[in-house]
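In the working numbering, the protein residues as written are 21 to 375.
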Ligand SMILES: Nc1ncnc2c1ncn2[C@@H]1O[C@H](COP(=O)(O)OP(=O)(O)OP(=O)(O)O)[C@@H](O)[C@H]1O
Ligand SMILES: [Mg+2]
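Next comes the structure, spelled out in structure tokens:
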């Protein structure tokens, strides 16, 4: 069956199960939004959470790397690990998208193309040549053939853009996220990177509609854990018009992820508090708020960052970091000619498998 334009006709978006889950998910997300707004150092959190999202979303595409490699790439010291680099680019794509929609106040096709270009490091843009098909990775059989013709793809994108930016329809924004993700993936406008671009689009949509103020809610970890279900439900919609299970799946993801993100924020906040106490007790002479915050800004730091953040000389910055290492608050590692200092406690929190 041909892909329908939005809004879909003949789809009941208000079944009892959907409405029940919608209430639960909306509440969880509102709680996350409220909690996030009480946090003084949000940038630390956004940084941390987007690293995790970039890692998980890339893992769905089998781009697997470690936190440690990601941080090394982030130091820009010429460290080469291809997958980690991809993850770092993905994080940049999230930031670029976020800045763009803050500026524009809407999401359009150009923004989507820009995001995909960063993820894929090319400017191939929208598919021009036919042949793209979604295949079962094991059997190789074709599961779905998205629109092939460039004009047709553009028409679908235009329709999607209208749907995204239409605030007059009476469809709840969380339900719209579910529909937008399904539609975007079904249009599959690019040769590659559609999954990752689509998952960034989800968070941008939530931010645009003020369901959350900062880009901190990401479904990729949830999706990665239930990948088979994610793929199966795409087909369920296509074959059986079963939007209900698809919507319930995404809504459940919003609930679960909101709760997990609240927990993660709490843990980071506690860690900053404990770390601060320890820092003040052990090294009262060098303690400052700027220094503390720069140790949490990214999960690693280096001399140049401290020089800048604290307005001190290279020698002083180096002495700070060495003292912090001596007292067990940082761990250094040499990469090439550069020394980086890792905040191991923050790294452990972020890579916590339980979270
Ligand atoms: N049956 C389907 N119908 C529509 N979209 C699908 C279907 N199965 C999977 N998808 C989407 O296609 C994406 C994969 O497409 P593509 O390889 O272009 O994206 P990617 O970002 O490179 O990969 P990944 O999403 O695996 O990270 C999946 O993540 C999913 O969102
Ligand atoms: Mg791919």
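Glycine included, C-beta positions come from ideal geometry on N, C-alpha and C.
{"Item": "C-beta atoms of residue 206 and residue 33 nearer than 8 Å", "Value": "no"}
{"Item": "For residue 247, the first and last residue of its enclosing alpha helix (DSSP H)", "Value": "247 to 260"}
{"Item": "Contained beta strand (DSSP E) runs [length at least 3] in the stretch 259 to 306, N- to C-terminal order", "Value": "none"}
{"Item": "Expected contact under 8 Å - CB spacing of residue 279 and residue 50 to nearest Å", "Value": "Going by Cβ atoms, the distance from residue 279 to residue 50 rounds to 12 Å, so no, they are not a contact pair."}
{"Item": "Distance cut-off 7 Å: residue 327 Cβ against heavy atoms of ligand 2", "Value": "no"}
{"Item": "Buried versus exposed, by CB contacts within 10 Å (16 or more), residue 264", "Value": "buried"}
{"Item": "Any non-hydrogen atom of ligand 2 within 7 Å of residue 212 CB", "Value": "yes"}
{"Item": "Residues near residue 214 by beta carbon distance below 7 Å, same chain, minus five either side", "Value": "205 and 208"}
{"Item": "Sequence-distant residues of its chain with Cβ nearer than 6 Å to residue 25 (five each side left out)", "Value": "179"}
{"Item": "Sub-8 Å separation of residue 109 and residue 101 beta-carbons", "Value": "no"}
{"Item": "Contact under 8 Å by Cβ, residue 136 with residue 217", "Value": "yes"}
{"Item": "Other residues of its chain near residue 36: CB distance less than 8 Å, five sequence neighbours each side excluded", "Value": "none"}
{"Item": "Proximity test, residue 81 beta-carbon vs ligand 2 heavy atom, cut-off 7 Å", "Value": "yes"}
{"Item": "Minimum C-alpha distance to residue 69 - residue among 155, 115 and 156", "Value": "115"}
{"Item": "Per DSSP, the bridge partner or partners of residue 155", "Value": "162"}
{"Item": "Per-residue DSSP class, three states only, for residue 359", "Value": "strand"}
{"Item": "Run of the alpha helix (DSSP H) containing residue 309, from where it starts to where it stops", "Value": "309 to 317"}
{"Item": "Buried or exposed (CB count within 10 angstroms, at least 16 for buried), residue 63", "Value": "exposed"}
{"Item": "Straight-line gap, residue 192 to residue 113 (C-alpha atoms, nearest Å)", "Value": "27 Å"}
{"Item": "Local Cβ density within 10 Å of residue 71, reported as buried at 16 or more and exposed below that", "Value": "buried"}
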